[in-house]
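Here's the structure we're looking at; comments come further down.
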Amino acid sequence: MSSHGPAVPLTSRAGGALSGVAHVPGDKSISHRALILGALSVGETVVTGLLEGQDVLDTAAAMRALGAEATRDDDGTWRVHGVGVGGFAEPARVIDCGNSGTGVRLIMGAMATCPITATFTGDASLNKRPMARVTDPLALFGAQTVGRAGGRLPMTIRGAENPVPVRYAVPVPSAQVKSAVLLAGLNAPGQTVVIEREATRDHTERMLAGFGAEIVTEKTDEGRVITLTGRPELRPQTIVVPRDPSSAAFPVCAALIVPGSDVLVPNIGLNPTRAGLFFTLQEMGADLAFENMREEGGEPVADLRARYSPALAGVEVPAERAASMIDEYPVLSVVAAFATGKTHMPGVKELRVKESDRIDAMATGLRAAGIAVDEGEDWWTVHGRGHGAVPGGVTVQTHLDHRIAMSFLVLGLASTAPMTVDDGGPIATSFPVFGPLMAELGAVIEG
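Counting from 1, one number per residue, gives the positions in the sequence shown under full-length UniProt numbering.
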């Protein structure tokens, strides 16, 4: 079973203002997809700006195990020599996806219509997460699955020998489920159709089109209807990965709550299915500006400038915005603690099946730090105390969840007393340079 090693406690405390330029890593969602679609192409795909966090490195290792080549040049350029749609080879060993729900679910989809058998595992956190939401639709293609009770890893998937196309309405807003079905549909004859009632991040659709797949998205009374024509020959691409908005959230939110701060975060992907946090922060009164807006590789990009915002106010976050900021609710709840009034966040049940139950983890830690939190199965409310009134001074459990760890470290930069997280090790899965990047801005985070 995968493990990141011994626990690494970290403590953050208030210091001076944060200032400077924060070069956050490449987008994790796009990095995963670049490796997988490169492996399903014929020829060499060249990727620059790839996030080299452990989650993505585990996906690169999985592509090698399935027969593709994925190598890194000395300058950080990645080269993927693909095997073509349907060309995956049976792996000789168990595929370990570490902490990555995105990685394992997308890889399962990509291999589910290949006539091979593969076994997947992960770390203690990943092995608790439900996989039936992916394996149920994959069974419609003809894949067979054997896993632990409740549809959990370790799990063996026997790919369909004679796959059939499917029409599938995604029951919950999940880009991972949608993407797994579309990737499975690549090696099924005819047309595979995915129906989304609520839009989720559309990187898979954009990248499939870029690699030469025939894919059409329509808005109908049913929702977004995505139709993919199977068995294309995907063309290798040159991909420049934009910087990750989910990682940018941490220096941005820290700048908003630390007095005197002024931080620039350049080259951030602002795909509308990912940028909900930044619009929510602006609605709260954040001094957050989009500069140098442009398009790179089919994705909207801008430089974000975040300044200390002493007049933040709580808001009602629209439930329909949840899918565009689902990974950012933990750090949003930290900003909400420093706002006046309550911030209500409905439509977020997906948070309960992430790397941890993120509602419970954040609510427990915030309460310990002196913040009132109400919660239900599908919502939570943070009652802000305003700047200078958040006590802090406690140690919180991260439950092997990188975003919980980073969120509470951000809180400690502006709370009255320091904050400690029991284990900062998982931060490396998505943001391996978090510590030095924050230190360069002036943050005090100590191990």
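Each residue gets a CB set at the ideal place from its N, CA and C atoms; glycine is no exception. All of these numbers come straight from a predicted model, not from anything done at the bench.
Asked: First and last residue of the uninterrupted beta strand (DSSP E) at Tyr168; Found: 167-169
Asked: Start and end residues, beta strand (DSSP E) containing Arg385; Found: 379-385
Asked: Length of the line joining the Cα atoms of residue 499 and Leu183; Found: Here the chain has residues from 1 to 447 only, and residue 499 is not among them.
Asked: Exposed unless 16 or more other CB atoms sit within 10 angstroms - verdict on Thr238; Found: exposed
Asked: Short Cβ contact (8 Å threshold) for Val42 with Trp78; Found: no
Asked: Continuous alpha helix (DSSP H) stretch holding Lys178: start and end; Found: 175-185
Asked: Opposing strand residues paired with Thr340 [DSSP bridges]; Found: Ala313, Arg385
Asked: Residue burial classification, Pro310 (beta-carbon count within 10 angstroms, cutoff 16); Found: exposed
Asked: Inter-residue spacing [alpha-carbon to alpha-carbon] between Thr429 and Met406; Found: 12 Å
Asked: Contact under 8 Å by Cβ, Ala112 with Gly159; Found: yes
Asked: Beta-carbon separation (whole angstroms), Val263 vs Gly435, contact threshold 8 Å; Found: Actually they do not touch by this definition, with Cβ atoms about 16 Å apart.
Asked: Three-state class that DSSP yields for Leu288 in the structure shown; Found: strand
Asked: Buried or exposed by the 16-neighbour rule on C-beta atoms within 10 Å, applied to Met362; Found: buried
Asked: 7 Å CB neighbourhood of Phe211 in its chain, flanking five on each side removed; Found: Leu37, Ser41, Leu234, Arg235, Gln237
Asked: Element boundaries [beta strand (DSSP E), containing Gln54]; Found: No beta strand (DSSP E) contains Gln54, which is instead part of the alpha helix (DSSP H) from 54-65.
Asked: Reduced DSSP category for Met419 - H, G, I as helix; E, B as strand; rest coil; Found: strand
Asked: Helix, strand or coil at Gly269 according to DSSP, with G and I counted as helix; Found: strand
Asked: Bridge-paired residues (DSSP) for Ile195; Found: Ala169, Val225
Asked: Within the stretch 1-44, ranges of the beta strand (DSSP E) (whole runs, at least 3 residues); Found: 10-13, 19-21
Asked: Inter-residue spacing [alpha-carbon to alpha-carbon] between Arg294 and Pro266; Found: 12 Å
Asked: Member of Glu198, Val241, Val317, His203 whose CA lies at the smallest distance from the CA of Asp221; Found: Glu198
Asked: Proximity of Thr102 and Ser174 at Cβ, strictly below 8 Å; Found: no
Asked: The beta strand (DSSP E) enclosing Ala302, as first and last residue numbers; Found: 299-307
Asked: Residues of its chain near Thr156, where Cβ-Cβ distance is below 6 Å and the 5 sequence neighbours each way are ignored; Found: Thr119, Val146
Asked: Supposed close pair Ser324, Pro272 - CB separation, criterion 8 Å; Found: 7 Å
Asked: C-beta atoms of Gly314 and Thr343 nearer than 8 Å; Found: yes
Asked: Among Val83, Thr398, Ala443, the one whose alpha carbon lies nearest that of Gly425; Found: Thr398
Asked: Proximity to Ala139 [Cα-Cα], best of Ala149, Ala180, Ser261, Ser125; Found: Ala180
Asked: Thr11 versus Val444 - alpha carbon distance; Found: 8 Å
Asked: Continuous beta strand (DSSP E) stretch holding Pro154: start and end; Found: 152-158
Asked: Between the CA atoms of Val134 and His81 - distance to the nearest angstrom; Found: 27 Å
Asked: His399, DSSP secondary structure in three states; Found: coil
Asked: Span separating the alpha-carbon of Met63 from that of Arg152; Found: 22 Å
Asked: Beta-carbon contacts of Val225 that lie in its chain and below 6 Å, excluding the five residues immediately before and after; Found: Ile195, Glu218
Asked: Contact check, Asp422 vs Val390, beta carbons under 8 Å; Found: no
Asked: Exposure of Gly230, with buried meaning 16 or more beta-carbon neighbours within 10 Å; Found: buried
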